[in-house]
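What follows is a single structure, written as structure tokens, with notes after it.
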Ligand code: FAD
């Protein structure tokens, strides 16, 4: 584990209780010395100010904080203002995304794809930000074909992105193949695997359905069989995801990016098991 860089992703809570819980989570995970922490940004949503406030708070606490920024539904002016806010607070790391409009929200805005956003950030702010983009080892659900999706990824890197974080996956071969493919297309930036701890069966199936990540049948079946036995789900989930992380680490991945869902316990347990292995 020594050479692997960790990062943790959070979302802006909607309630004061949620914010307090996140502060405790963050403090606990900060003891694992993450390279950075990131905060999601709801496209067209009400939590956008939460992202801005949280990253500034995290930065003040001494963490390298990377806000996510999604461009769908946005205007150039609104993105310019957000970038300025981050520059004013000396935030130098950003995760640039297209985002998904919540259903029923109409306007596409002035950006079409994440590559347009990356291009805009570079044009407006030069090298100020380290820019991460999203990568999809099992391909983005709206992609016309795997090849189109790989090309779209390459476009984001050529537009000026420095690194990528993947959608979560449970099949390491999908990730290895994806990285091989983008290397063949001339991309040499780090592609950090996104890791989703398994703690809740229905939530995992719902998320996976939405984002196009495959939950292998053997995992789905085992989770289903546990029913409401949350402790068994937790134990099984930690086993499965630790094993996945170990296989990735054995192949020299640049880091592990944990989708924490604002909870420290599972990410921390996985980290501790990896260190014991
Ligand atoms: P893009 O790279 O623009 O790709 C979107 C789709 O368009 C793909 O199917 C791609 O193949 C296709 N495409 C791209 N360029 C072209 C082109 N020129 N011509 C034709 N097709 C093209 N969402 C949020 O709302 N907030 C977040 O904070 C957030 N954080 C995320 C963090 C990570 C690490 C990941 C993996 C995802 C995150 N998402 C977030 C979800 C993401 O916004 C969605 O997956 C969204 O649908 C795609 O965003 P993207 O940046 O990958 O888009």
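Numbering (this note's numbering), first residue to last: 28 to 304.
All C-beta atoms, glycine included, are put in the ideal place defined by N, C-alpha and C.
Original post:
Around the ligand FAD, which residues pass a check of Cβ closer than 5 Å to any of its heavy atoms?
Top reply: 67, 68, 70, 95, 97, 124, 125, 126, 127, 140, 141, 161, 167, 169, 170, 176, 179, 192 and 194
**OP:** List the endpoints of the continuous alpha helix (DSSP H) containing residue 152.
**Re:** 141 to 152
Original post:
By the 10 Å Cβ neighbour count, where 16 or more other Cβ atoms means buried, how is residue 85 classified, buried or exposed?
Top reply: buried
**OP:** Please name the residue, chosen from 82, 189 and 103, that lies closest to residue 215 on a Cα-to-Cα basis.
**Re:** 189
Original post:
When the distance is taken between beta carbons, is residue 134 closer than 9 Å to residue 187?
Top reply: no
Subject >> residue 78 versus residue 289 - alpha carbon distance >> reply: 13 Å
Subject >> Inter-residue Cα distance where the pair is residue 196 and residue 56 >> reply: 22 Å
Subject >> With 16 other Cβ atoms within 10 Å as the buried cut-off, status of residue 295 >> reply: buried
Original post:
Just curious, the beta strand (DSSP E) that residue 77 is in, first and last residue?
Top reply: Careful: residue 77 lies outside any beta strand (DSSP E), inside the alpha helix (DSSP H) at 75 to 87.
**OP:** Please classify residue 58: is it buried, with 16 or more other beta-carbons within 10 angstroms of its beta-carbon, or exposed?
**Re:** exposed
Subject >> Among 75, 39 and 50, nearest to residue 105 - alpha-carbon criterion >> reply: 75
Subject >> Test item: CB-CB of residue 140 and residue 107 under 9 Å >> reply: no
**OP:** Pick helix, strand or coil for residue 230, following the three-state DSSP scheme.
**Re:** helix
Original post:
Would you call residue 65 buried or exposed, if buried means 16 or more other Cβ atoms sit within 10 Å of its Cβ?
Top reply: buried
Original post:
Does the segment 220 to 231 touch the segment 250 to 261, meaning 3 or more C-beta pairs lie closer than 8 Å?
Top reply: yes
Original post:
Of all the CB atoms in chain D, is at least one closer than 9 Å to the CB of residue 268?
Top reply: Absent from the structure: chain D. Only one protein chain is present.
Subject >> Runs of beta strand (DSSP E) wholly within the segment 264 to 300 (minimum 3 residues, chain order) >> reply: 282 to 286
Original post:
Tell me the DSSP bridge mates of residue 262?
Top reply: Beta-bridge pairing links residue 262 to no other residue.
**OP:** Go through its chain and collect everything with a Cβ distance to residue 176's Cβ below 8 Å, but skip five positions before and after it.
**Re:** 163, 166, 167 and 170
Original post:
Are the CB atoms of residue 221 and residue 33 nearer to each other than 9 Å?
Top reply: no
Subject >> For residue 64, the residue or residues it bridges with in DSSP >> reply: 35 and 92
**OP:** Give me whichever residues DSSP pairs with residue 160 in a beta bridge.
**Re:** 123 and 191
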